Amino acid sequence: MNQTEVSKDYSISTPLSSDRWMTGITMGFLLAVLTFFMLYPVYDICRLSFYKEGVFTLKNYVAYFNNPRIFRSLTNSVYVSMVTMVITTVLAFFFAYGLTRTTIGGKGIFYTISTFPLIAPSIIQGLALILLFGRNGLVTRYFLQTDWNIYGATGIVVAECLYCFPNALFILYTTLSAVDTRLDEAAQSLGASALKTFYKVTLPSAKYGIASAAALVFNLTITDFGVPVVIGGNYNVLATEIYQQVIGMQRFDLGATISVILLIPSVGAFLLNYYLTKKSYALISGQARPFLQPSRPFKKWAFTIYCWIPCTFILIVFASVFLGSFVKTWPYDFSLTLKHYDFPSLGGHAPLWTNFWTYVLKGEWQSLIAYKYAPIWNSLWISILVAIGGASLTLLTGYIVEKKRPKGDQVLYTLSVLPAAIPGTVMGLGYILAFNKPYFFIYGTFWIIIINIIICNFTLGVLASIANLKQIDKSIEEAAVSLGANPVTTFTRVVFPLTKAAFFSNMAFFFMRSMTTISAVIFLISARVKLAAIEIIFLDIDGRTASANAMCTIIIVIVVGMLAVMRLITGKAGLRGMSASN
Amino acid sequence: MGRNLRLENLTKQFGTLVAVDHVNLEIEEGEFICFLGPSGCGKTTILRMITGFETVTGGKIIFDGKVINNLIPQKREFGIVFQSYALFPNMTVEENIAFGLKVRKMPKKAIVERVDQMLHLIGLRDWRNLYPAQLSGGQQQRVALVRALAPNPQVLLLDEPLSALDAKIRVRLRAEVKRLQQELKKTMIYVTHDQEEALSIADRVVVMEVGQFRQVGKPIDIYKYPASSFVADFVGTSNFFKGYRTGDRVNTGKRDFKVAQSGSISKEEVFLAIRPEKIEVFKFGEPPGHLEPSNLISGRIDVVTFLGAAVRLVINTDGDEVISDVIEKDFEQRQLKQGDETLLYFPPEAFIVYPAKEGS
Chain A
-9 MNQTEVSKDY
1 SISTPLSSDR
11 WMTGITMGFL
21 LAVLTFFMLY
31 PVYDICRLSF
41 YKEGVFTLKN
51 YVAYFNNPRI
61 FRSLTNSVYV
71 SMVTMVITTV
81 LAFFFAYGLT
91 RTTIGGKGIF
101 YTISTFPLIA
111 PSIIQGLALI
121 LLFGRNGLVT
131 RYFLQTDWNI
141 YGATGIVVAE
151 CLYCFPNALF
161 ILYTTLSAVD
171 TRLDEAAQSL
181 GASALKTFYK
191 VTLPSAKYGI
201 ASAAALVFNL
211 TITDFGVPVV
221 IGGNYNVLAT
231 EIYQQVIGMQ
241 RFDLGATISV
251 ILLIPSVGAF
261 LLNYYLTKKS
271 YALISGQARP
281 FLQPSRPFKK
291 WAFTIYCWIP
301 CTFILIVFAS
311 VFLGSFVKTW
321 PYDFSLTLKH
331 YDFPSLGGHA
341 PLWTNFWTYV
351 LKGEWQSLIA
361 YKYAPIWNSL
371 WISILVAIGG
381 ASLTLLTGYI
391 VEKKRPKGDQ
401 VLYTLSVLPA
411 AIPGTVMGLG
421 YILAFNKPYF
431 FIYGTFWIII
441 INIIICNFTL
451 GVLASIANLK
461 QIDKSIEEAA
471 VSLGANPVTT
481 FTRVVFPLTK
491 AAFFSNMAFF
501 FMRSMTTISA
511 VIFLISARVK
521 LAAIEIIFLD
531 IDGRTASANA
541 MCTIIIVIVV
551 GMLAVMRLIT
561 GKAGLRGMSA
571 SN
Chain B
-10 MGRNLRLENL
0 TKQFGTLVAV
10 DHVNLEIEEG
20 EFICFLGPSG
30 CGKTTILRMI
40 TGFETVTGGK
50 IIFDGKVINN
60 LIPQKREFGI
70 VFQSYALFPN
80 MTVEENIAFG
90 LKVRKMPKKA
100 IVERVDQMLH
110 LIGLRDWRNL
120 YPAQLSGGQQ
130 QRVALVRALA
140 PNPQVLLLDE
150 PLSALDAKIR
160 VRLRAEVKRL
170 QQELKKTMIY
180 VTHDQEEALS
190 IADRVVVMEV
200 GQFRQVGKPI
210 DIYKYPASSF
220 VADFVGTSNF
230 FKGYRTGDRV
240 NTGKRDFKVA
250 QSGSISKEEV
260 FLAIRPEKIE
270 VFKFGEPPGH
280 LEPSNLISGR
290 IDVVTFLGAA
300 VRLVINTDGD
310 EVISDVIEKD
320 FEQRQLKQGD
330 ETLLYFPPEA
340 FIVYPAKEGS
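Sequences listed follow chains A and B, in order.
Count the first sequence with my numbering and you get residues -9 to 572, in order.
Count the second sequence with my numbering and you get residues -10 to 349, in order.
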C-alpha cells in the first residue's frame, strides 16, 4: 500500500467562504421579511383577540358567539364553502375527465376558456350575476319579470363556483392526465364495464387529487371577499364581517376575533390541500402513456356538450360585464355609450401620472385622465413593481431552499408556503394593526400595498420556482463554481438564465394577482392611494354598476395585454400552474 | 518535488456511515490516477472532497505543500468533468469553454486564442457556435473536458465521465482522454466503476471497497497480482477455490492442486484464484503428457459465449462451474463445442493464493 507519512507543519488555508455568508445573509433577509410582514401581523391579530388591556381574556370570543348575527357569519361561511366545494369539484372533475380521457375536439378552446376567471377580479362573477339575475337583471327583470333575485347564498355559491372552477380544474387535470390510462384499459380487458372501471379504477386512482381540489375550493371560497361583498346582500360571511366590524364600526377587537375564527378552517383546508397534493404527486407515474383510444360517439357528444356548459357560463359572465359597461341603462336601454368609462370623481391621485397629465391636458380631459384614471395608473404601477419584486424574491427563496440548503432551510420553506393559508382579509387587518403607527413611515403609501401583495401571493411563486429549479442538474452549478465563478456570477450567468422562463411566468402571475386582488388591500388603501380593483367595489356600492363593469373591463384588458406581451417575450404563455388562492 | 496532491488519513462520515475511512495516498504531478470500485465504495466522495464540494470529516488534503481542507472550490483551481457533462445549456460551445476564462477576467484576445486552442485539441472547431443540446453525448463530454482544461487547472478531476455514453464512444473517448493527459502532462484523477476503463487508462489504479483502499498499483500489477480476493474478483474475472494449503499443495476437498506459491508445512485455510485465460482447455483424451497430473480436471462445456477475440466457456467440473477464456483461434482449432467433455489444465504458477482470513 502506498502509505504516506503523516505531515507536520503545513500552512492552513483560509476557511472563509463567501458563498456561505452570502447564503446566510440572503436567508436572514428573507426570514426577516417573512417574519415581519407575515408572522408579525398575524401575531398582532391573535394578541388583540385574546388580550384586553394587557390581560388574557376570552371576552371577545364570548361576545362573538353570543351575537347571533355575527355568529351566523361562521355557519354561513361554512355552508356556502361546503356547497361550492361539492359543486365545483364534481363539475371540474368531469370537465377534466373530458379533457384528458376522451377524444373530444376543441380541448384547447375548453381549456383556455376555463382559465378566464383567473384574469379578472373574483368580483366579476358577482357583477355578471347581478346583471343577469339581480333586481334589475336581464333575465329576472327583462325576460321573466319576476321579483326573485340572486342576492344571498345562491349568488355567492354560483359566483364562487365560477371563480374556483379553473383552480380546481388545474389540480384535477394534472391528476387525471398523470394517472396511467393503461390501468383503465387493463380493467376493461378483464371484462369490467365502463361504469365499473370508472368507479373501481379511475376514481380511486384520482382520489388524492379530488380531495386536494376540494380542499383548495373550500379555502378559496371561505377566504374570498369580492364575491360576497357585491352579491351577498344581507347574507354575511366571515370575510365580509371582518371588514364590516373594522371599517364600518371601528371594532378592531371583534374584527381580530373573527379573523382568528376564519383562520381555523382556512388553515385547515390549506394544510389538507398541501398534504394531499404531495400524496397525489407521489402517485404520478413517469411512464409514457399510450395513445388514447377514440371514444365512442355517444361519449364524445355527451362530453362535448358537458364541457360547453361551464364554458358558456364563463363566456356569458365576461360578455355581460363587457357589454354592461357599454350600454346606456341595463337592461332597459341597450344603446351604446362610453359614459360609464367617465368615472365619477374618485378623488384619486397618482404620483407622476397626475402631475404629468395635468401639465399636458386641459379641461375635461384633464380631470378624466389625470384624476379619474389615477387608480388604474396606480394599480398598473404597483403591479409592475409587485411583478418584479415578487418574482425576484420568490426565485431567490426557491434557490436558497432548493439549491443551497443551508441550516434552517426548512424554516424558510415553511414560512414561504404559509401565506396561502392566511385569508387576504385577515392579512389586511393584520397590516393595519401591526403597521398603522406613526413611526412606520411606509404605512399609507403604496409601498405597504406592494409588500402586502407580494407576501400574500408568496406561496405559489416559491413553489413554482422550486419546481423549476429542481430541473437544473446540480452539476451545472458545481461546474460553474469549479471553473472559478463566485456565487453572484454563478447565479446571474448560469442559474438565472436557466430559470428565466419560470421567472417571467412568475412575473405574469404576480402582475395578474396584483391587478385583481381585493381582499387584503381593501384595508390598506387610503384617500391618496386608490386601486382599480377596489374601485369596482366602491362604484358598485355607490350603485354605479355600469361603471364598476367598466373598471372591471379595463382591468381585464390590462391583464390580457400583459399576458400578450409576456407571450411575445418568452414565446409561450400559459396560465397553467397559476391557480390562485385568496 | 512537483505539485503533489496528498491525502492524509482522509475520512468522511455521513452521520454514522463512514464513507471514506482513513485513506492515504500521494499523487505525483502529471500522474494519471484512477479510483476504481463498486458503487457506494466512497470513490466519488473522495473526489468531491478534493474538489471542495464535500467537507472533510477528518484527515487532510494537501496540495503543493498546503492543507486545502477548507479552501473553497473556486480557489482550488481544479478542473472537474462531470458524468452528466453539466454544460451550460444557455451558452454555445465557445461560450462554455470561455466561461472559466471570463470569470478570471482574462483579456478578450487571450480568451479567443485559448478557446481556439481548446477546440483544436478535440477537433470540434466547426461546432463552436452550437448549443450543447445540438451535440451528441460524446461531443458534449469532449467540450466539457476542454472547458475544464481551458483555465489550465492544476489538477483535472473526472467523475465517471464516460458512464453515460454508449460502449463504442466510451472506448474512443477513453483513448482521447489518455492522449490529452499524455500531451498536457496534467495530473488527472479519474473515478470509475468500470475496471476495464481503469486498467486501460491509468498510470496507477486505486481499488476501493467500503471506504478503504484495497490496493494501489500499476494496472498490470493489479491485474496480475491482486492483493486480495476482492481485488481479484472485482478487477477482471477470476475463478475461486477454497481449500487448505500444506506446503506447495492445496486441498479443496474434491481435488489436490499443486501451486507455485508454497506456504508453511502446517495446514492453513486459503483461497485460490485463477484468471479464466490462464486455464487451458483440451478435448478429452488428448492432454500433452508433460503437464502436472494433479492440476488436470475433466469437465463438460455448459455454455459457450463468443466475446470476439476470445471465447468464454463455462465448464462444469463435478458440480463446480469454472470459467475459461480461450482465444478464438484455439477454440476453432480444437473444435470445441457445447456439451463436449474436456480436460482443463490449471498451471501451478497461475494460481494466486490468499489467506482465507484477509486483512487488507
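By construction, the Cβ of each residue, glycine as well, lies at the ideal position given by its N, Cα and C atoms.
Just so we're clear, the structure is a prediction, and the values are computed from it rather than from any experiment.
query: C-alpha gap between Phe135(A) and Val45(A), whole angstroms; result: Checking the displayed sequence, the identity of residue 135(A) turns out to be Gln instead of Phe. Cα-Cα distance, rounded: 57 Å.
query: Sub-8 Å separation of Ile211(B) and Val220(B) beta-carbons; result: yes
query: Chain-ordered chain A contacts of Pro215(B) [CB-CB under 9 Å]; result: Near Pro215(B) there are no residues of chain A at all, since even the closest Cβ is about 13 Å away, more than 9 Å.
query: Runs of alpha helix (DSSP H) lying entirely within the region 169 to 203 of chain B, each at least 4 residues, in chain order; result: 184 to 190
query: Nearest-angstrom Cα separation, counted from Val196(B) out to Leu34(B); result: The question names Leu, but residue 34(B) is Thr in the sequence shown. In a straight line, the C-alpha of Thr34(B) is about 14 Å away from that of Val196(B).
query: Boundaries of the beta strand (DSSP E) in which Phe21(B) is found, first to last residue; result: Phe21 to Leu25
query: Residue-chain proximity (Leu385(A), chain B), Cβ-Cβ < 8 Å; result: no
query: DSSP bridge partner residues for Leu358(A) (one or two, in chain order); result: Partner(s): none; Leu358(A) has no beta bridge.
query: Bridge-paired residues (DSSP) for Asp148(B); result: Val180(B)
query: C-alpha gap between Leu60(B) and Phe83(A), whole angstroms; result: 56 Å
query: Nearest-angstrom Cα separation, counted from Val342(B) out to Val300(B); result: 26 Å
query: Chain B contacts from the region 462 to 496 of chain A (Cβ-Cβ distance under 8 Å); result: Asp463, Ser465, Ile466, Glu468, Ala469, Ala470, Val471, Ser472, Leu473, Gly474, Ala475, Asn476, Thr479, Arg483, Val484, Pro487 and Leu488
query: Glu18(B) and Ile51(B) closer than 8 Å at C-beta; result: no
query: Secondary structure of Ala278(A), DSSP reduced to three states; result: Any reading at Ala278(A) must be qualified, since the residue scores a pLDDT of 44, below 50, and its modelled position is unreliable; no value is offered.
query: Any C-beta of chain A under 8 Å from that of Leu24(B); result: Per the sequence presented here, residue 24(B) reads as Phe, with Leu not at that position. With 8 Å as the cut-off, Phe24(B) does not count as an interface residue toward chain A.
query: Exposure label - Asp307(B); buried when at least 16 CB within 10 Å; result: exposed
query: Beta-carbon proximity check, Leu89(A) vs Phe100(A), cutoff 8 Å; result: yes
query: Asp314(B), buried or exposed, once every other Cβ within 10 Å from all chains shown has been counted against 16; result: buried
query: Interface flag, Ala356(B) vs chain A, CB-CB below 8 Å; result: Look at the range of chain B in this structure, -10 to 349, and you will see that residue 356(B) is not part of it.
query: Phe293(A) and Ile94(A) closer than 8 Å at C-beta; result: yes
query: Given 8 Å, three or more beta-carbon pairs between the region 507 to 522 of chain A and the region 406 to 425 of chain A; result: yes
query: Straight-line gap, Tyr41(A) to Ile251(A) (C-alpha atoms, nearest Å); result: 15 Å
query: First and last residue of the uninterrupted beta strand (DSSP E) at Arg518(A); result: Careful: Arg518(A) lies outside any beta strand (DSSP E) and carries neither H nor E.
query: DSSP three-state assignment for Arg534(A), whether helix, strand or coil; result: coil
query: For Glu258(B), the residue or residues it bridges with in DSSP; result: Tyr233(B)
query: Contact list for Asp9(A) against chain B, beta-carbon separation under 9 Å; result: Ile61, Pro62 and Gln63
query: Per-residue burial, Thr261(A) [other beta carbons within 10 Å of its own, 16 or more giving buried]; result: At residue 261(A) the sequence reads Leu, which differs from the Thr that was named. Counting Cβ neighbours within 10 Å, Leu261(A) comes out exposed, since fewer than 16 surround it.
query: Anticipated Cβ contact below 8 Å, Ile69(B) with Ala137(B), distance rounded; result: 6 Å
query: Delimiting residues of the beta strand (DSSP E) encompassing Gly68(B); result: Phe67 to Val70
query: Buried versus exposed, by CB contacts within 10 Å (16 or more), Gly(-9)(B); result: exposed
query: Proximity to Arg193(B) [Cα-Cα], best of Val199(B), Ser253(B) and Thr176(B); result: Thr176(B)
query: For Val156(A), the three-state DSSP class (helix, strand or coil); result: One point to set straight first is that residue 156(A) is Pro, not Val, in the sequence displayed. Three-state DSSP puts Pro156(A) in a helix.
query: Limits of the unbroken beta strand (DSSP E) element including Glu15(B); result: Leu6 to Ile16
query: Alpha-carbon spacing of Glu66(B) relative to Tyr429(A), whole angstroms; result: 51 Å
query: Member of Met72(A), Phe493(A) and Gly418(A) whose CA lies at the smallest distance from the CA of Ser455(A); result: Phe493(A)
query: Contained alpha helix (DSSP H) runs [length at least 4] in the region 357 to 439 of chain A, N- to C-terminal order; result: 364 to 389, 399 to 407 and 414 to 425
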